[in-house]
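These notes are about the structure you will find just below.
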Amino acid sequence: MPPMSPLRRAPLFLALCVATGAAFAAETAEDPRHDDAVDLDHVVVTASPLRNTAEELSQPTEVLAGEKLDEAKGATLGETVGKLPGVQSSNFGAGVGRPIIRGLEGPRVSVTTGGLATQDVSTVSQDHNVAIEPFLADQIEVLKGPATLLYGTGAIGGVVNVVDGRIAEKPLDETVSGRAELRADSVNDGVTGMMRADAMGADGALVLHADAVYRNQKDYDTPDGKQPNSFIDTKTGALGASLVGDAGFLGFSAARYEDRYGNPGEPGDLANGERGVFIDMRQNRFELKGGVNQPFGVFESLRASVAHTDYEHTEFEGEEIGTRFLNEATEGRLELTHKPFAGWIGAFGAQVNDREFQAIGEEAFVPRTQTRSGGVFVTEQKKWNAFQLDLGARVDKIESNPDGLQDRSFTPLSLSAGALWNFSDAWRLSLNLDRAERAPAEEELFANGPHIATASFEIGSADLDKERANQAELGLHYHGKRFEAKVAAYQTNFDGFIYLVDSGDFAPGEPGEDPLPIRLWTQDDAKFRGFEVEGIAHLVDNEAGQLDLRVFGDRVRATLDEGGNL
875 MPPMSPLRRA PLFLALCVAT GAAFAAETAE DPRHDDAVDL DHVVVTASPL
925 RNTAEELSQP TEVLAGEKLD EAKGATLGET VGKLPGVQSS NFGAGVGRPI
975 IRGLEGPRVS VTTGGLATQD VSTVSQDHNV AIEPFLADQI EVLKGPATLL
1025 YGTGAIGGVV NVVDGRIAEK PLDETVSGRA ELRADSVNDG VTGMMRADAM
1075 GADGALVLHA DAVYRNQKDY DTPDGKQPNS FIDTKTGALG ASLVGDAGFL
1125 GFSAARYEDR YGNPGEPGDL ANGERGVFID MRQNRFELKG GVNQPFGVFE
1175 SLRASVAHTD YEHTEFEGEE IGTRFLNEAT EGRLELTHKP FAGWIGAFGA
1225 QVNDREFQAI GEEAFVPRTQ TRSGGVFVTE QKKWNAFQLD LGARVDKIES
1275 NPDGLQDRSF TPLSLSAGAL WNFSDAWRLS LNLDRAERAP AEEELFANGP
1325 HIATASFEIG SADLDKERAN QAELGLHYHG KRFEAKVAAY QTNFDGFIYL
1375 VDSGDFAPGE PGEDPLPIRL WTQDDAKFRG FEVEGIAHLV DNEAGQLDLR
1425 VFGDRVRATL DEGGNL
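Just so you know, we're using our numbering here: the sequence shown kicks off at 875 and counts up by one.
Here's what the structure looks like:
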């Protein structure tokens, strides 16, 4: 995993897009505009224990839902969110796309579904995809900046949370509902089909869910012809059932995800019968979730969730098995919100995770590692007329036990403070101060072997310390009837930023292959500075349709304190 190579200096990127909506929906006496248009600032952000809307959060948050999500959907999660300000996608062929937030990626950005980690191995290497299907999302939430307070050490750069609706938390609006979609792509002769169905019992207490996606994309066209080994073949589906009522809900879901995609960097030689390198991924996931309204005493709600994930992918070198990656994990999360006390509302929570990671084969550069973690957190919020204050803290305990190597344990601590000032109906000013800590990932601690995705021989360091980030951010948001604008500027000072550095030495390669440069995981102090800007003009919004003009841009600069760029 080359952590900084795709974003050493993220250039200013401006995009102009015009979106039109077909005429639909009848006029109403009060407002002729579309009834089903989604105001994304008022969508509830489920990644927040307090179930705030985006405009109620001091932390910069983007939400894709409704038509905006439909327009953004791509074959990968990174492609889907990659046109949001401050967000990009890793790129290792059409089949891979992991979100990058403000120049940070891999183990610094947590990808979750329903608040629980995906438990794939996409953080280990850039040619590993995220085991999430964007076409099945109800909404996608992007929390930018340190989110370790809510989601632990792996969220020092931010969180991307996907809401899939497989476990219903309340009765449906209709007894039976569903949707289906079919898309075709000329550039790769591709086809993507999806279906979703939800049904509710006569008494409204039982809700059933089913969904499925099939995607087949062949090698895509370029000006020089087909790009060999750029195919994608994805199949996924899930079933869910929930009991819902005034007292709360209890539900279960089971999902299967299969993904096969080629690595364009190693296309093989089809003329001589040599097939390129490709990855065959399979994941089974089971989730149990429940919630209780007014559970007891001073508490207003209780939510609990558990997920067990069994993940495997095989990297094929032609028809031969190269390396297998296995990951089995069980994760649990508990959230309790309390009733208002002296004007404060808030939540307490706990999270545990038990993960066993293993790589088998000639390119297994990380040993089998058992990682156990547990954390507790608290977040509080108080409002005074136009002002809002958010405070929070979290502490985790993480233990990594690799085969044949020294065990390591860490106790990351995170603190957060945010303030909002709504100084008019249209203007909002925000300030965020965060101190977050991250425990080193398995590959950073224990790597020792050839990593083909980075074309190097990686060597970890078991002596790495926690990575600490101190961030300050100032944001301004204008939300008018005809125009919206957002601007944010931030700086993050890292103590002990973990990254790969070239040693200047080489390790012998396989017979007939070039030697591999040796790269070492090390730590140095660093700074990330950046800004984001976005403007949206609602040119037309009436019974005939919609016409919006959107302009956005972002920039991030990452430098080492001792000199040089990351």
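For every residue, glycine included, the Cβ atom is placed at its ideal position computed from N, Cα and C.
Whose CA, out of the options, lies closest to the CA of residue i?
i       : options                               : result
Asp1308 : Gly1370, Ile1333 and Leu1348          : Leu1348
Arg1429 : Thr935, Glu1132, Ala1362 and Asn1227  : Ala1362
Leu1279 : Ala1291, Ala1216, Ser1304 and Gln1244 : Gln1244
Ile1326 : Pro1020, Thr935, Ala991 and Glu1387   : Glu1387
Leu924  : His1212, Gly1196 and Leu1010          : His1212
Val1034 : Pro1045, Lys1018 and Asp1047          : Lys1018
Ala1145 : Gly1031, Ala1203, Pro1102 and Tyr1185 : Pro1102
Val1180 : Asn1003, Gly988, Gly1370 and Met1155  : Gly988
Asp1435 : Leu1421, Asp1398, Asp1422 and Gln1420 : Asp1398
Gly1196 : Ser963, Leu1082, Asp1154 and Ala1076  : Asp1154
Asp1038 : Leu1338, Leu1010 and Thr997           : Leu1010
Ala1293 : Phe1199, Met1074 and Ala1346          : Ala1346
Glu1406 : Phe1215, Gln962 and Asn926            : Gln962
Thr1110 : Met1069, Asn1367 and Glu1341          : Met1069
Asn1090 : Gly1078, Val1118 and Asp1059          : Asp1059
Arg1198 : Val1166, Thr1204, His1187 and Ala1400 : His1187
Asn1367 : Leu1046, Arg1403 and Trp1258          : Arg1403
Within 10 Å of its beta-carbon, does residue i have 16 or more other beta-carbons around it, so buried, or fewer, so exposed?
i       : result
His916  : exposed
Ala968  : buried
Lys1360 : buried
Gly1437 : exposed
Gln1262 : buried
Ser1288 : buried
Glu1332 : buried
Ala991  : buried
Asp1133 : buried
Glu936  : buried
Asp1120 : exposed
Gly1032 : buried
Would you kindly report the start and end of the unbroken beta strand (DSSP E) that includes residue i?
i       : result
Tyr1088 : Leu1080 to Gln1091
Lys1256 : Thr1243 to Trp1258
Ala1362 : Phe1357 to Ala1381
Gln1013 : Gln1013 to Lys1018
Gly1165 : Val1151 to Asn1167
Val1425 : Gly1419 to Leu1434
Ser1051 : Val1050 to Asp1059
Between residue i and chain C, is the shortest Cβ-Cβ distance under 7 Å, so that the two count as touching?
i       : result
Thr1245 : This model lacks chain C altogether; it includes just one protein chain.
Please list, in chain order, all residues of the same chain as residue i whose beta carbon is under 6 Å from its beta carbon, the five residues on each side excluded.
i       : result
Ala1178 : Gly1164 and Leu1208
Ser1290 : Leu1023, Gly1266 and Asp1308
Gly1028 : Pro981 and Ser984
Ala1071 : Gly1052 and Ala1084
Ala1005 : Thr992, Asp994, Tyr1131 and Gln1157
Using three-state DSSP, classify residue i as helix, strand or coil.
i       : result
Ala1300 : coil
Arg976  : coil
Pro981  : helix
Ala889  : The pLDDT assigned to Ala889 is 38, lower than 50, so where the model puts this residue is not dependable; a value taken from the coordinates is nonetheless given after this. Strand.
Ile1326 : helix
Gly1122 : strand
Ala928  : helix
Gly960  : coil
Leu1350 : strand
Ala903  : Only weak support is given to the placement of Ala903: the predicted model assigns it a pLDDT of 35, under 50, and the value that follows is read from those uncertain coordinates. Coil.
Ala1029 : helix
Ala1178 : strand
Leu1287 : strand
Ala1267 : strand
Leu1117 : strand
Asn965  : coil
Leu1440 : coil
Between which two residues does the alpha helix (DSSP H) harbouring residue i extend?
i       : result
Ala1071 : It is not in any alpha helix (DSSP H) - Ala1071 instead sits in the beta strand (DSSP E) that spans Gly1064 to Met1074.
Tyr1025 : Thr1022 to Tyr1025
Glu953  : Leu951 to Val955
Phe1320 : Glu1316 to Phe1320
Ala1238 : Segment: none, Ala1238 is in no alpha helix (DSSP H) and carries neither H nor E.
Ala946  : Gly940 to Ala946
Please list, in chain order, all residues of the same chain as residue i whose beta carbon is under 7 Å from its beta carbon, the five residues on each side excluded.
i       : result
Leu931  : Val919 and Ser922
Ser1274 : Thr1243, Thr1245, Asp1281, Arg1282, Glu1316 and Leu1319
Leu1413 : Leu1421, Asp1422 and Leu1423
Leu958  : Glu936 and Val1016
For the ligand ATP, I want to know if residue i counts as a neighbour, meaning its beta carbon is within less than 6 Å of at least one of the ligand's heavy atoms.
i      : result
Pro923 : This structure simply doesn't include the ligand ATP, nor any ligand for that matter.
Can you list, in chain order, the residues of its chain with a C-beta nearer than 8 Å to that of residue i? Leave out the 5 residues immediately preceding and following it.
i       : result
Asp1093 : Asn1062, Lys1100, Gln1101, Pro1102, Asn1103, Ser1104, Phe1105 and Gly1136
Phe1170 : none
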